[in-house]
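Undergrad:
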Amino acid sequence: MKNYASWGLITVSLFSAVAHAADDSVFSSPFFTDSKAELSLKNYWKYLKEDAANPTTVHNAWGQGVALGYQSGYLADTLGVNVDYYSAVKLGASDYFNSRGVLYNNGPGNSKDNATGFSKFGQRYLKLKGEVGDAALNAQFGWQTLRNYGVISNSTRLSPTTYLGWSGGVARDGLSLRGAYVDRSMERNSPDSLRLQTNDGREINHLASGELGYENSQFNGQLAYGESQNYLRRQILRVALKPNNNLSLGSQIYTTQALDDYKDMALSRRNFDRNANHYAFDAKWQEKLWSLKLGIAHTRAPKGGGELGLYPRHMAKNSRGTFTSMAYAGEDYMRDGETMLASIVEYYITPEFTAGLTGIYSQFGYQSATVRTGEVNIFGRWAPSHQKLKNLTVFAMVGPGWSYKNVNKTPILSQGDYLTSHSLGAEFIAEYRFKLF
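In the numbering used here, the protein residues as written are -5 to 431.
#1: Report yes if the C-beta distance between Asn240 and Glu281 is below 8 Å; otherwise report no.
#2: Given a cut-off of 8 Å on the beta-carbon distance, is the pair Lys297 and Arg264 in contact?
#3: Starting from Asp78 and walking both ways along the beta strand (DSSP E), at which residues does that stretch end?
#4: Would Gln246 be called buried (16 or more neighbouring beta carbons within 10 Å of its own) or exposed?
#5: With a CB to CB cut of under 6 Å and the five nearest residues on each side skipped, what residues in its chain are close to Ala82?
#6: Use the C-beta contact count for Thr352: other C-beta atoms within 10 angstroms, 16 or more gives buried, fewer gives exposed.
#7: How many whole angstroms separate the CB atoms of Trp396 and Thr367, which I take to be in contact at a CB cut-off of 8 Å?
#8: So for Asn501, helix, strand or coil by DSSP?
#9: Nearest CA to the CA of Gly136: which residue from Val75, Thr316, Ala321?
#10: Quick one: what does DSSP say Glu115 is sitting in, helix, strand or coil?
#11: Could you tell me whether the Cβ atoms of Lys43 and Leu418 are closer together than 8 Å?
#12: Rounded to whole angstroms, what is the Cα-Cα separation between Ala202 and Ala277?
#13: Where does Asn271 fall in DSSP's three states?
#14: For Ala15, which three-state DSSP category applies?
#15: Can you give the beta carbon distance from Lys36 to Glu346, rounded, assuming they're within the 8 Å contact cut?
#16: Under DSSP, the beta strand (DSSP E) around Asn342 begins and ends at which residues?
#17: Name the DSSP bridge partner or partners of Gln216?
#18: Comparing alpha-carbon positions, which option in Leu386, Ile372, Gly103 lies nearest Pro378?
#19: Pull up the CB-CB distance for Glu340 and Ser408, whole angstroms please, since I reckon it's below 8 Å.
#20: Following the continuous beta strand (DSSP E) through Phe358, name the residue where it begins and the one where it ends.
#21: Can you tell me the Cα-Cα spacing of Glu181 and Ser187, whole angstroms?
#22: By a C-beta neighbour count over all protein chains shown, 10 Å radius and 16 as the cutoff for buried, is His272 buried or exposed?
#23: Consult DSSP for Lys384 and reduce its assignment to one of helix, strand or coil.
#24: Within 10 angstroms of the Cβ of Pro405, are there 16 or more other Cβ atoms? Answer buried if so, exposed if not.
#25: Look up Val401 in the DSSP assignment and give the residues it is bridged to.
#26: How big is the Cα-Cα spacing for Val77 and Leu190?
#27: Would you call the stretch 85 to 99 in contact with the stretch 124 to 134, where contact means no fewer than 3 C-beta pairs closer than 8 Å?
#28: For Asp17, which residues in the same chain have their Cβ closer than 7 Å to its Cβ, ignoring the five residues on either side in sequence?
#29: Please report the distance separating the alpha-carbon of Asp255 from that of Asn224.
#30: Just tell me which of Tyr305, Ser23, Phe431 has its CA closest to the CA of Arg294.
#31: Check whether the Cβ atoms of Arg227 and Gln212 lie closer than 8 Å to each other.
#32: Return helix, strand or coil for Thr27, following the three-state DSSP convention.
#33: Residues in the same chain with beta-carbon distance under 6 Å from His53, minus the five sequence neighbours each way, listed in chain order, please.
#34: Do Gly215 and Arg232 have their CB atoms nearer than 8 Å?
#35: Could you have a look at Leu97 and say whether DSSP puts it in helix, strand or coil?
#36: Could you name the residues that DSSP lists as bridge partners for Asn54?
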């Protein structure tokens, strides 16, 4: 309640300032005349049947979401406010539904009886902009979503992951410098304001990140640095090249170092021991009616004690990390020593309908075994152009996968070989957006 009260005070003060600044009418200010509002309706179903770490288990969640977003204009071309409200209704759930990130888990354990909807003001922040010479400045303070912002990112189901803190940057002639500092988050399927945490549940004071970027018509690159206080430190280099209209090339390097609070955790809570690195490369060819994207990636994340190491995408519990490698798929292909190959092919059957196929194959060595995993998915996307449906998007995907039986992500071996597991995943999204004003 304290956060809502503070936000209410800020909003009242801002509107009071607008009223005093207006000559003829409050509502003639660009703060109001340049305002925008959008309503979004999203139906989301996510399903997984697997037997990797349990007897055969179904993870299933289905919900209906509503999002209402308001963006003000700027007072004195400097100060504004954004507010986004999210609500979700439970339509269906199984045990273990919480792994799908769609519905709120309102209780202990994995029971489907815990599944509920939720509502929240997920974003509510002040925004500022300005210019110094030819450089454009911007800043945001409050609850906000951060997408690939340095080492911080979000994830979206019926609402996005949002963070409490500040972010901002300066840009000029394709060169940009950005920074962010956050200390709380709201997950994509929860209305709860949570502190960032270590894997064993201890609080982390803050997560801070900075990024230097440059972009022109043929090149896009970012060098990012970030740290979750005394827990993990990370550097990211992301580069994209576009030699011509058909070909796009990309590469990413992710390096992560363990700090004192991470090293103090029990072995079973750590993803790796001291350092974890991930290297990725991708290439995409685009034609008028089809496209093909190929990727390769390799991970090093050593871990002792006979357990398999993993590269952690996120800098802390209750946060999301920037990660654009093609190893981020239905299953994360970021185990120690793992090399993975990925492909995505899309074909535009009509201007409105796209069909495609994804495939991933990977392997890594564990003790005496060479472990192989992968998945195949078919998908379709419909974006009608009819005037009454032009803001509708429908997406569906389904496919099988294969992996290994495990305990704490570490393969279970029998007579020197791993035990194969199987999975079936599916996803359906129907979203309709329209502007209110």
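For every residue, glycine included, the Cβ atom is placed at its ideal position computed from N, Cα and C.
TA: Looking at the coordinates:
#1: Here the question's residue 240 lines up with position 246 in the sequence shown. Here the question's residue 281 lines up with position 287 in the sequence shown. In this structure, Glu281 lies closer than 8 Å to Asn240 by Cβ.
#2: Reading the sequence shown from its first residue, position 303 is the one you call residue 297. Reading the sequence shown from its first residue, position 270 is the one you call residue 264. Result yes, Cβ atoms of Lys297 and Arg264 sit closer than 8 Å.
#3: Sequence index remark: in the sequence shown, residue 78 carries index 84 (1-based). Where Asp78 is concerned, the enclosing beta strand (DSSP E) starts and stops at 73 to 87.
#4: Counting from one through the sequence shown, the residue named residue 246 turns up at place 252. Classification for Gln246: buried.
#5: In the sequence shown, counting from the first residue as 1, residue 82 sits at position 88. Its chain contains Gly57, Gly59, Gly111, Phe112, Leu152 as the residues whose beta carbon lies nearer than 6 Å to that of Ala82, once the 5 sequence neighbours on both sides are disregarded; these appear in chain order.
#6: For the purposes of this step, residue 352 is taken as residue 358 along the sequence shown, with counting starting at 1. So Thr352 ends up on the buried side.
#7: As a position in the sequence shown, residue 396 is number 402, starting the count at 1. As a position in the sequence shown, residue 367 is number 373, starting the count at 1. With 8 Å as the limit, Trp396 and Thr367 qualify as a contact, their Cβ atoms being about 6 Å apart.
#8: With the chain represented from -5 up to 431, any question about residue 501 goes unanswered, as that position is not in the structure.
#9: Position 142 of the sequence shown holds residue 136. It is Val75 whose Cα lies nearest to the Cα of Gly136.
#10: Mapped onto the sequence shown, residue 115 falls at position 121. It is worth fixing the name first, because residue 115 is Phe in this sequence and not Glu. Phe115 falls in the strand class under three-state DSSP.
#11: Residue mapping note: residue 43 aligns to position 49 of the sequence shown, counting from 1. Residue mapping note: residue 418 aligns to position 424 of the sequence shown, counting from 1. Annotated as proximal: Lys43 and Leu418, with beta-carbon spacing under 8 Å.
#12: Here residue 202 refers to the residue found at position 208 of the sequence shown. Here residue 277 refers to the residue found at position 283 of the sequence shown. Taking the straight line joining both Cα atoms gives about 31 Å.
#13: Reading the sequence shown from its first residue, position 277 is the one you call residue 271. The DSSP-derived three-state label of Asn271 is strand.
#14: Walking along the sequence shown from the start, residue 15 turns up at place 21. Any reading at Ala15 must be qualified, since the residue scores a pLDDT of 47, below 50, and its modelled position is unreliable; the value itself is stated next. The answer is helix: DSSP assigns Ala15 an H, G or I state.
#15: Position 42 of the sequence shown holds residue 36. Position 352 of the sequence shown holds residue 346. Not quite, the Cβ-Cβ distance comes to about 19 Å (not below 8 Å), so this is no contact.
#16: To locate residue 342, count along the sequence shown from 1; it is residue 348. The residue asked about is misnamed: residue 342 is Tyr in this sequence, not Asn. Run containing Tyr342: 333 to 342, per the beta strand (DSSP E) assignment.
#17: The count along the sequence shown starts at 1 and reaches residue 216 at position 222. Looking at the DSSP assignment, Gln216 forms a beta bridge with Gly207, Arg232.
#18: Here residue 378 is taken as the residue at index 384 of the sequence shown, counted from 1. Cα-wise, what sits closest to Pro378 is Leu386.
#19: Stepping through the sequence shown from its first residue, residue 340 is reached at position 346. Stepping through the sequence shown from its first residue, residue 408 is reached at position 414. At roughly 40 Å, the Cβ-Cβ gap does not stay under 8 Å, so Glu340 and Ser408 are not in contact.
#20: Within the sequence shown, residue 358 is the residue found at index 364, counting from 1. Per DSSP, Phe358 belongs to the beta strand (DSSP E) from 347 to 360.
#21: Translated into positions along the sequence shown, residue 181 becomes position 187. Translated into positions along the sequence shown, residue 187 becomes position 193. Rounded to whole angstroms, Glu181 and Ser187 show a C-alpha spacing of 8 Å.
#22: Walking along the sequence shown from the start, residue 272 turns up at place 278. So His272 counts as buried.
#23: Mapped onto the sequence shown, residue 384 falls at position 390. In the structure shown, Lys384 falls within a coil segment according to DSSP collapsed to helix, strand and coil.
#24: Reading the sequence shown from its first residue, position 411 is the one you call residue 405. Burial call: buried.
#25: To locate residue 401, count along the sequence shown from 1; it is residue 407. Partner residues in the beta bridge of Val401, as assigned by DSSP, are Thr404.
#26: Position 83 of the sequence shown, counted from the first residue, corresponds to residue 77. Position 196 of the sequence shown, counted from the first residue, corresponds to residue 190. Each residue's alpha carbon lies about 23 Å from the other.
#27: Touching, no, given that fewer than three Cβ pairs across the two stretches are closer than 8 Å.
#28: Here residue 17 refers to the residue found at position 23 of the sequence shown. Low per-residue confidence applies at Asp17: pLDDT is 48, beneath 50, and the placement is therefore not dependable, though the value from the model is reported in the following sentence. For Asp17, where only same-chain residues beyond five positions count, there are no Cβ hits under 7 Å.
#29: Taking the first residue of the sequence shown as 1, we reach residue 255 at position 261. Taking the first residue of the sequence shown as 1, we reach residue 224 at position 230. Cα to Cα, the separation comes out at about 6 Å.
#30: Within the sequence shown, residue 294 is the residue found at index 300, counting from 1. Among Tyr305, Ser23, Phe431, the Cα nearest to that of Arg294 belongs to Tyr305.
#31: The count along the sequence shown starts at 1 and reaches residue 227 at position 233. The count along the sequence shown starts at 1 and reaches residue 212 at position 218. Contact flag unset, no.
#32: Reading the sequence shown from its first residue, position 33 is the one you call residue 27. Three-state DSSP puts Thr27 in a helix.
#33: Looking up residue 53 in the sequence shown gives position 59. Taken in chain order, the residues that qualify are Leu42, Tyr90, Ser93, Arg94.
#34: As a working mapping, residue 215 is identified with position 221 in the sequence shown. As a working mapping, residue 232 is identified with position 238 in the sequence shown. In this structure, Gly215 lies near Arg232, with their beta-carbon atoms less than 8 Å apart.
#35: For the purposes of this step, residue 97 is identified with residue 103 of the sequence shown, where counting begins at 1. Leu97 sits in coil when the DSSP states are folded into three classes, being neither helix nor strand.
#36: Taking the first residue of the sequence shown as 1, we reach residue 54 at position 60. Paired residue(s): Tyr41.
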